[in-house]
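If you're matching positions, the sequence shown starts at 19 in my numbering and goes up one per residue. Beta carbons: idealized from backbone N, C-alpha and C, even for Gly. Since we're looking at a predicted model, the values are computed, not measured.
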Amino acid sequence: MKLKPLADRVVLTQEKAEEKTQSGIFLAASAQEKPEIYEVVEVGPGGIVDGNEVTMIVKPGDKVLLAKYGNNKIKLDDVEYTIARQSEILAIVE
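Structure below.
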């Protein structure tokens with residue numbers, strides 16, 4: 019099954035948490051902090067949103083920084099996705 023976002027929405031997957039510290043210590047799953055860096059999987063077409071023209075800047079494969087709270091998470095085929103508006107993306111990570 020494939021997700022196709024509408025308007026200015028973007029489908030994202032969250033990067034994996036680090037399992038090991040820089041010094042080589044393995045972390046328990048409960049101690050691993052999930053990063054706020056996501057990979058763009060699919061991008062909506064943009065268009066008119068709330069009376070304003072929205073041009074999509076992000077593209078599939080981009081790494082982006084997203085706010086920690088307030089995002090819509092769904093699980094599809096055992097993969098967790100986040101759906102956010104392009105305006106909720108804080109930055110593109112290069």
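Secondary structure at Gln104: helix, using DSSP grouped into helix, strand and coil.
By the Cβ-count criterion, Ile107 is buried, with 16 or more other Cβ atoms from all chains shown falling within 10 Å of its own Cβ. The three-state secondary structure of Val61, taken from DSSP, is strand. In this structure, the straight-line span from the alpha carbon of Arg103 to that of Asp26 is close to 6 Å.
With fewer than 16 other beta carbons inside 10 angstroms of its own, Val97 counts as exposed. Nearest Cα to Leu21 within the set Val59, Lys77 and Ala85: Val59.
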